[in-house]
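Q:
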Amino acid sequence: MRTRKGRERVQFSLSLGKNMKFLILVTLFGLSLAQHNPQLKSGRTAIVHLFEWRWADIAAECERFLGPNGFGGVQISPPNEHIIVSSPWRPWWQRYQPISYNLCSRSGSEAELRDMITRCNNVGVNIYVDAVINHMCGSGGGEGTHSSCGSWFSASKKDFPSVPYSSLDFNDNKCKTGSGEIENYNDPYQVRDCRLVGLLDLALEKEYVRGKVADFMNKLIDMGVAGFRVDASKHMWPGDVDTIYRRLNNLNTKWFPSGARPFIFQEVIDLGGEAISYTDYVHLGRVTEFKYGAKLGKVFRKWDEEKLFYTRTWGEGWSFMSDGNAVVFVDNHDNQRGHGAGGSSIITFWDSRLYKMAVGYMLAHPYGVTRVMSSYRWNRNFVNGKDQNDWMGPPSNTNGSTKSVSVNPDQTCGDGWVCEHRWRQITNMVIFRNVVNGQPQINWWDNQSNQVAFGRGDRGFIVFNNDDWTLNVTLNTGMSGGTYCDVISGQKEGNTCTGKQILVSHDGNAHFKISNLDEDPFVAIHAESKI
1 MRTRKGRERV
11 QFSLSLGKNM
21 KFLILVTLFG
31 LSLAQHNPQL
41 KSGRTAIVHL
51 FEWRWADIAA
61 ECERFLGPNG
71 FGGVQISPPN
81 EHIIVSSPWR
91 PWWQRYQPIS
101 YNLCSRSGSE
111 AELRDMITRC
121 NNVGVNIYVD
131 AVINHMCGSG
141 GGEGTHSSCG
151 SWFSASKKDF
161 PSVPYSSLDF
171 NDNKCKTGSG
181 EIENYNDPYQ
191 VRDCRLVGLL
201 DLALEKEYVR
211 GKVADFMNKL
221 IDMGVAGFRV
231 DASKHMWPGD
241 VDTIYRRLNN
251 LNTKWFPSGA
261 RPFIFQEVID
271 LGGEAISYTD
281 YVHLGRVTEF
291 KYGAKLGKVF
301 RKWDEEKLFY
311 TRTWGEGWSF
321 MSDGNAVVFV
331 DNHDNQRGHG
341 AGGSSIITFW
351 DSRLYKMAVG
361 YMLAHPYGVT
371 RVMSSYRWNR
381 NFVNGKDQND
391 WMGPPSNTNG
401 STKSVSVNPD
411 QTCGDGWVCE
421 HRWRQITNMV
431 IFRNVVNGQP
441 QINWWDNQSN
451 QVAFGRGDRG
461 FIVFNNDDWT
471 LNVTLNTGMS
481 GGTYCDVISG
491 QKEGNTCTGK
501 QILVSHDGNA
511 HFKISNLDED
521 PFVAIHAESK
531 I
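Residues 1 to 531 in UniProt numbering are what the sequence shown spells out, letter by letter.
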């Protein structure tokens with residue numbers, strides 16, 4: 001028979017147990033929420049993907065351009081050792097076929113990577129690693145030392161001694177398809193347990209494999225990276241990656257606040273209609289919102305009777321994921337080549353006039369964490385609507401090594417590097433986003449067609465003309481009176497403006513005239529562009 005004290009002790013321990021469970025739940029929820037935070041330095045809001053750049057070039061770009069122009073971070077290509085493919089010759093996708101977690105890739109050595117991370121952090125620019133943890137190289141990758149660090153491996157034997165992984169560390173026994181490949185995307189077990197286009201699928205439910213992946217990511221965190229773009233996330237079980245994320249160290253306190261968690265943004269292609277949804281992953285970190293670029297492309301191309309004025313409810317009103325969960329982009333390294341999601345609606349640097357407008361719209365609008373693309377050109381060869389050269393790697397020397405990024409006197413790039421992030425219109429819209437950060441979208445105007453305008457509090461105002469006729473209208477900008485420099489046609493330099501000047505009257509009104517024939521048919525002003 002229990003005494004009163006005994007009953008009280010039991011009740012107290014039960015109460016403590018409930019409270020402890022609640023505290024654990026709150027702590028775990030807090031961890032995942034923290035992983036949604038890109039940890040950008042104050043006053044910085046945008047990330048740029050310097051696709052296939054060398055570490056030495058990224059370090060220099062942080063110091064000479066990204067830091068001074070307010071960019072918040074760089075997404076880098078996968079830094080791990082990867083296969084070297086000779087047929088086709090050194091394709092971009094070889095970076096997505098790991099051989100080990102050694103940090104030597106076609107972008108440079110571990111020492112160069114560390115130097116780049118340090119130099120970028122020192123000028124306020126974060127580094128986000130493209131982490132390939134779902135798989136190793138393709139099953140047809142052969143046997144030998146054709147890898148970026150020279151490590152021996154055997155794809156056919158599933159033997160990667162530089163990790164080490166053996167045949168026991170892959171999902172072949174779990175996959176239920178005859179081919180071992182994903183055959184049906186409406187079967188979540190196939191999507192997560194079978195091979196994606198022949199890539200050897202890691203058994204992430206194994207403690208040993210989880211430990212190797214966490215060690216790889218933690219080494220990068222300790223070097224100073226701010227987070228990870230997690231490749232092929234939909235092909236991994238949420239519970240497995242959650243376990244790995246929980247093992248990640250806090251960020252390096254040399255550059256980040258004590259207790260800061262790594263930013264996680266997960267590649268989940270979800271346009272609807274498949275078994276796997278972005279909702280499976282949003283509790284773990286942000287997710288790439290692929291509907292964003294696909295829909296924005298249709299709007300600016302005016303396909304499917306889409307009009308720019310329909311974007312009054314842009315964001316969650318278009319059935320996108322919630323603002324706090326989304327990483328958004330006009331194009332990425334996959335879909336600018338017709339891979340991934342969005343098809344031919346995706347706008348890229350090849351359509352430069354539309355592209356500048358679409359990226360300008362993205363950077364002006366408050367929705368999501370924004371990522372700007374920085375690409376290289378390749379010789380496209382379309383046959384029956386498909387680019388036969390979509391595999392082509394970055395500008396390279398005859399020995400296959402990646403060329404350095406050369407910068408021209410006019411600040412554009414040479415040697416095949418596009419450097420969209422350096423285009424005046426895009427750089428200045430990154431600055432615009434920084435200036436208006438935290439301000440609500442207000443003073444919407446449209447002509448019920450493809451001319452729209454909106455403000456961001458009293459800090460900025462932008463006007464677009466995507467119609468086939470001139471925009472000529474007086475609008476309430478919500479901004480204080482004075483003369484402003486349009487940062488699209490030019491920019492403020494000292495007390496002068498190299499582009500159009502916009503006069504805002506004391507009541508906040510301003511007249512805008514934008515020809516549909518203008519090189520860039522949009523105008524943007526902000527508080528820092530006042531003359």
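Positions of the beta carbon are idealized from the N, C-alpha and C atoms, including for glycine. Quantities reported herein were computed from a predicted structural model and do not represent experimental measurements.
Of all the beta strand (DSSP E) runs that stay within the bounds of the segment 112-154, which reach a length of 3 or more residues?
A: 126-131, 135-138
Q: When you compare only the Cα positions, how much space is there between Val514 and Ile488?
A: Note that residue 514 corresponds to Ile in the displayed sequence, not to Val. Cα to Cα, Ile514 sits roughly 12 Å from Ile488.
Q: State the DSSP-derived secondary structure class of Asn443, mapped to helix, strand or coil.
A: strand
Q: DSSP puts Ala46 in a beta bridge; with which residues?
A: Per DSSP, the beta-bridge partners of Ala46 are Thr370.
Q: Select from Val328, Ala294, Leu354, Asp323 the residue whose C-alpha is nearest the C-alpha of Gly338.
A: With distances taken between Cα atoms, Gly338 lies closest to Ala294.
Q: Which partner residues does His339 have in the DSSP bridge list?
A: His339 is not bridged to any residue.
Q: Locate the beta strand (DSSP E) running through Thr288, then write down its first and last residues.
A: Where Thr288 is concerned, the enclosing beta strand (DSSP E) stretches over 286-288.
Q: Along the chain, where does the alpha helix (DSSP H) containing Asp242 start, and where does it finish?
A: 238-246
Q: Ends of the alpha helix (DSSP H) at Phe265?
A: Note, Phe265: premise wrong, no alpha helix (DSSP H); beta strand (DSSP E) at 263-266.
Q: Flag this pair as yes or no: are the beta carbons of Lys492 and Ile426 separated by less than 8 Å?
A: no
Q: Leaving aside the five residues before and after Tyr367 along the sequence, list all residues of the same chain whose C-beta is less than 6 Å from its C-beta, in chain order.
A: If the five residues before and after Tyr367 are omitted, its C-beta is found closer than 6 Å to the C-beta atoms of Gly315, Asp323, all from its own chain and listed in chain order.
Q: For my contact list, Val74 and Cys120 are in at a C-beta cut-off of 8 Å; report their separation, rounded to the angstrom.
A: 6 Å
Q: Quick one: which unbroken beta strand (DSSP E) runs of 3-plus residues sit fully inside the segment 434-478? Chain order, please.
A: 441-446, 451-456, 460-465, 471-476
Q: Taking all protein chains shown into account, do 16 or more other C-beta atoms lie within 10 angstroms of the C-beta of Phe216, making it buried, or fewer, making it exposed?
A: buried
Q: Could you work out which residue in Asp231, Arg192, Asp242, Asp187 is closest to Arg210 when comparing CA atoms only?
A: Residue Asp242 is the option with its Cα nearest to Arg210.
Q: Kindly give me the distance between the Cβ atoms of Ile99 and Phe153, rounded to whole angstroms, as I take these residues to be in contact under 8 Å.
A: 5 Å
Q: With a threshold of 8 Å, are at least 3 pairs of Cβ atoms found where one atom belongs to the segment 426-445 and the other to the segment 394-410?
A: no
Q: Output yes or no for whether 8 Å exceeds the beta carbon distance between Val230 and Glu267.
A: Yes; because the gap between Cβ atoms is below 8 Å, this pair is in contact.
Q: Hey, out of Gly224, Ser480, Trp444, Arg424, whose CA is closest to Ile117's CA?
A: Gly224
Q: Can you tell me whether Arg4 is helix, strand or coil according to DSSP?
A: Summary for Arg4: the model assigns pLDDT 39, below 50, so the residue's position carries little reliability; its value from the coordinates is reported in the next sentence. Note: Arg4 maps to helix in three-state DSSP.
Q: Between the alpha carbons of Leu14 and Gly178, how many angstroms are there, rounded?
A: Summary for Leu14: the model assigns pLDDT 39, below 50, so the residue's position carries little reliability; its value from the coordinates is reported in the next sentence. Each residue's Cα considered, the two are about 51 Å apart.
Q: Under the assumption that Phe329 contacts Met373 (Cβ atoms under 8 Å), give the Cβ distance between them as a whole number of angstroms.
A: Phe329 to Met373, Cβ: 7 Å. Contact.
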